[in-house]
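All remarks here apply to the structure that follows.
There are 2 protein chains.
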Amino acid sequence: MNTVDKPYVVGIDIGGQTTKMGIVDTRGQVLAQTVIRTDNHDDVNLYIDEVSAALEKIISESESEGKIRGIGVGAPNANYYTGNIECAVNIVWGGNKTIPFAKLLTEKTNGLPVALTNDANAAAVGEMTYGAARGMKNFIMITLGTGVGSGIVINGEVVYGHDGFAGELGHTCAVRHNGRLCNCGKTGCLETYTSATGVARTAREWLEMSDEPSSLRSLDVISSKDVYDAAKEGDRLALKIFEFTGRILGESFADFVAFSAPEAIVLFGGLARAKEYLYQPIMDSMNANLLPLWKNKIKIVFSQLKESDAAILGASALAWEL
Amino acid sequence: MNTVDKPYVVGIDIGGQTTKMGIVDTRGQVLAQTVIRTDNHDDVNLYIDEVSAALEKIISESESEGKIRGIGVGAPNANYYTGNIECAVNIVWGGNKTIPFAKLLTEKTNGLPVALTNDANAAAVGEMTYGAARGMKNFIMITLGTGVGSGIVINGEVVYGHDGFAGELGHTCAVRHNGRLCNCGKTGCLETYTSATGVARTAREWLEMSDEPSSLRSLDVISSKDVYDAAKEGDRLALKIFEFTGRILGESFADFVAFSAPEAIVLFGGLARAKEYLYQPIMDSMNANLLPLWKNKIKIVFSQLKESDAAILGASALAWEL
Numbered sequence: 000m001n002t003v004d005k006p007y008v009v010g011i012d013i014g015g016q017t018t019k020m021g022i023v024d025t026r027g028q029v030l031a032q033t034v035i036r037t038d039n040h041d042d043v044n045l046y047i048d049e050v051s052a053a054l055e056k057i058i059s060e061s062e063s064e065g066k067i068r069g070i071g072v073g074a075p076n077a078n079y080y081t082g083n084i085e086c087a088v089n090i091v092w093g094g095n096k097t098i099p100f101a102k103l104l105t106e107k108t109n110g111l112p113v114a115l116t117n118d119a120n121a122a123a124v125g126e127m128t129y130g131a132a133r134g135m136k137n138f139i140m141i142t143l144g145t146g147v148g149s150g151i152v153i154n155g156e157v158v159y160g161h162d163g164f165a166g167e168l169g170h171t172c173a174v175r176h177n178g179r180l181c182n183c184g185k186t187g188c189l190e191t192y193t194s195a196t197g198v199a200r201t202a203r204e205w206l207e208m209s210d211e212p213s214s215l216r217s218l219d220v221i222s223s224k225d226v227y228d229a230a231k232e233g234d235r236l237a238l239k240i241f242e243f244t245g246r247i248l249g250e251s252f253a254d255f256v257a258f259s260a261p262e263a264i265v266l267f268g269g270l271a272r273a274k275e276y277l278y279q280p281i282m283d284s285m286n287a288n289l290l291p292l293w294k295n296k297i298k299i300v301f302s303q304l305k306e307s308d309a310a311i312l313g314a315s316a317l318a319w320e321l
Numbered sequence: 000m001n002t003v004d005k006p007y008v009v010g011i012d013i014g015g016q017t018t019k020m021g022i023v024d025t026r027g028q029v030l031a032q033t034v035i036r037t038d039n040h041d042d043v044n045l046y047i048d049e050v051s052a053a054l055e056k057i058i059s060e061s062e063s064e065g066k067i068r069g070i071g072v073g074a075p076n077a078n079y080y081t082g083n084i085e086c087a088v089n090i091v092w093g094g095n096k097t098i099p100f101a102k103l104l105t106e107k108t109n110g111l112p113v114a115l116t117n118d119a120n121a122a123a124v125g126e127m128t129y130g131a132a133r134g135m136k137n138f139i140m141i142t143l144g145t146g147v148g149s150g151i152v153i154n155g156e157v158v159y160g161h162d163g164f165a166g167e168l169g170h171t172c173a174v175r176h177n178g179r180l181c182n183c184g185k186t187g188c189l190e191t192y193t194s195a196t197g198v199a200r201t202a203r204e205w206l207e208m209s210d211e212p213s214s215l216r217s218l219d220v221i222s223s224k225d226v227y228d229a230a231k232e233g234d235r236l237a238l239k240i241f242e243f244t245g246r247i248l249g250e251s252f253a254d255f256v257a258f259s260a261p262e263a264i265v266l267f268g269g270l271a272r273a274k275e276y277l278y279q280p281i282m283d284s285m286n287a288n289l290l291p292l293w294k295n296k297i298k299i300v301f302s303q304l305k306e307s308d309a310a311i312l313g314a315s316a317l318a319w320e321l
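If you're matching them up, the sequences are chains P and V in order. 321 is the number that numbering that gives the first Met the number 0 gives the last residue of the first sequence; the numbers go up by one with no jumps. 321 is the number that numbering that gives the first Met the number 0 gives the last residue of the second sequence; the numbers go up by one with no jumps.
Have a look at this one:
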């Protein structure tokens, strides 16, 4: 590791709405960071222009010109092997295209090497290095954000699979018949129920289907944050929405456990902040659906890292290996 | 590897009904083999007495007295880390007990070292070494026998997970609501629909539910082999049973692909002989449920190894590492 001349790396976390980036040193300190919109442009080239402009700014702020070793990027549908982003339906400039993201970003940053992985894989690396999964060799990271992502760690290594795209657990089937239509084109995907947008969708559906009183009825547009705030105020419908969300997560988690027998499932992302409403329903339904040998043995852990830090740190960890 | 003094290993494959065992040399030749019933005794000690008697016989036949390096065992619910068989509900001497199988077998065989793994993991190793998965680093082995087992290979290594029990895909949920009751105590498990017993169960249910004519109606007891034979004669109900079975397998396989992005799913076991009736429904429903990035890219491969050989060879491969 050339840490004398080039002691810093860049970590970039690309979400459907925002892109977080930071300059990180060898001890995992974030020296400078910033956030830009991901969804300002349909054209990825214009987006990358904004990324490189924002990077220049924080590089200058942290006086790290010429000291950057490389860039690690966590992004939905990113391929670790090829450096491409493929079919990223939750990103406005993604769609059904194959975008040579690593190549484009290297060109815009005067030749800095770029490593790319799934945003959830990056978060898993961050969690394993600095967070709740420290010391764990086998765990599954589930990110509950705009979509539902996953990073699977087996024997201390992130699973990339044959083609580099392993770990799309948000698109496993949670509801087999008459399931909700997903952005990916399938129906019943886990993320249509248990992402932040899924929770908001449940709220809208349930408000329409029933006339149960709820403070959510007064809102024109409902976000998962609104449902969380209502739950905190004791709104019964909001509480039931989290119970339903937790139950679906737990059912799916039981199947994930049957696959890789992890020590824990680590939850991360905006919706994971609703820990007090999600934990018990997840535990109950997961244990009800686990084989006897796993009942009450699998931990559900909520990330304690600051969301922005974990994603940036995880992405940046990739860059040290460049 | 001490192959001069001890040039042979023993491979034992334990199924719900039969136990196959063989003496294997360094080139993977099965020098002698035999089969005994697994289900003659409720007491594992009596069963192990029969195993060791049968072993003595084939050791003597192959003139390999004193030349056996160790024993590799493939068994349901076997723990690679501990050498125990735990909660093996499909085995009469299994049940909800923890059986220190490796220890018991070592004691009965004058101290021969014993390594144990899931029967499906053993089959996966056999398939990777000698069969359809040669050269593959990422694949999922699915065994369609009395139950449904699985062996998951990632980066060329069998996945054991945190506790040694990874790869119980037969007990992932195929039918979420009103699913069939499984031996494991859960409902809707994949193996209740797609094992040999699951296929027979479908036949019995469908014959009762409808009055559709079928040659199967003349039978008192229906096995999956009967359904297969009827399908070969063009029996429409039997053909529909395989279509249904293949569809459920394909739906589940799509979720497995989202986990580890394998190059192929390899099918093995008695029911996999019905390749001509299962292949197309599996492919159709798997592709209908895959993310766009995987559509038409994942291979479904049927094992070409003789079933007894693959299991014995796979189990025996473990013993070389002892």
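By construction, the Cβ of each residue, glycine as well, lies at the ideal position given by its N, Cα and C atoms.
query                                                                                                                      : result
Separation of P:D228 from P:G71, as counted between CA atoms                                                               : 35 Å
Start-end ranges of the alpha helix (DSSP H) lying completely within the stretch 253 to 277 of chain P, minimum 4 residues : none
Environment of V:M0 [buried if 16+ CB atoms lie within 10 Å]                                                               : Residue placement at V:M0 is poorly supported in this model, since its pLDDT is 47, which falls under 50; the coordinates still yield a value, given next. When all chains shown are included, V:M0 counts as exposed.
Min CB distance V:T191 to chain P below 8 Å                                                                                : no
Three-way DSSP call (helix, strand, coil) for P:R26 in this model                                                          : coil
Exposed unless 16 or more other CB atoms sit within 10 angstroms - verdict on V:A77                                        : buried
Where P:E250 meets chain V, residues with beta-carbon distance less than 8 Å                                               : C172 and R175
The stretch 99 to 106 of chain V / the stretch 266 to 279 of chain V touching (three or more Cβ pairs under 8 Å)           : no
Spatial neighbours of P:A122 in its chain, beta-carbon cut-off 7 Å, leaving aside the 5 residues before and after          : G73, M140, T142, G150, F267, A309, A310 and G313
contact_flag[the stretch 143 to 162 of chain V, the stretch 288 to 298 of chain V] where n(CB pairs < 8 Å) is 3 or more    : no
N- and C-terminal bounds of the beta strand (DSSP E) containing P:F164                                                     : First-last for P:F164: undefined, no H or E at that position.
Interface residues of chain P facing V:S259 [CB-CB closer than 7 Å]                                                        : V158, G160 and A165
Cα-Cα separation, P:E327 to P:A273                                                                                         : Not covered by the structure: residue 327 of chain P. The range shown for chain P is 0 to 321.
Cβ-based burial, P:P261 [other Cβ within 10 Å; buried from 16]                                                             : buried
Burial state of V:D4 (16 or more Cβ within 10 Å)                                                                           : exposed
Cross-strand partners of V:D12 (DSSP beta bridge)                                                                          : V:K19 and V:G73
Reduced DSSP secondary structure (H/G/I, E/B, other) of V:M0                                                               : For V:M0, the pLDDT reaches just 47, beneath the cut-off of 50, and the residue's location in the model is therefore unreliable, although a value from the coordinates is still provided. V:M0: coil per DSSP, three-state reduction.
Cα-Cα separation, P:T191 to V:V300                                                                                         : 32 Å
Nearest-angstrom Cβ-Cβ length linking V:K107 and P:N288, presumed shorter than 8 Å                                         : Their Cβ separation, rounded to whole angstroms, is 38 Å, which puts V:K107 and P:N288 out of contact at 8 Å.
Beta strand (DSSP E) segment containing P:T116, residue limits                                                             : V113 to N117
With 16 other Cβ atoms within 10 Å as the buried cut-off, status of P:K96                                                  : exposed
Same chain only: Cβ atoms within 6 Å of P:A263, ignoring 5 sequence neighbours per side                                    : F138, K298 and V300
Identity of the residues DSSP links to V:T186 by a beta bridge                                                             : V:L180
Chain V contact for P:E126 (CB, 8 Å cutoff)                                                                                : no
Residues of its chain near V:T128, where Cβ-Cβ distance is below 8 Å and the 5 sequence neighbours each way are ignored    : G27, L312, G313 and A316
Proximity below 8 Å, CB of V:F258 to CB of P:L168                                                                          : yes
Within-8 Å CB hit, P:D254 to chain V                                                                                       : yes
Interface residues of chain P facing V:P75 [CB-CB closer than 9 Å]                                                         : Ordered by position in chain P, no residue passes the 9 Å Cβ test against V:P75, which lies about 12 Å from the chain.
Contact residues within the stretch 288 to 311 of chain V, judged by C-beta distance below 7 Å to chain P                  : N288, L290, P291 and L292
As assigned by DSSP and simplified to three states, the class of P:K305                                                    : coil
Residue-level contact to chain P via CB, V:M0, 8 Å cutoff                                                                  : Note that V:M0 scores 47 on pLDDT, short of 50, meaning its location in the model is unreliable and no value can be drawn from it.
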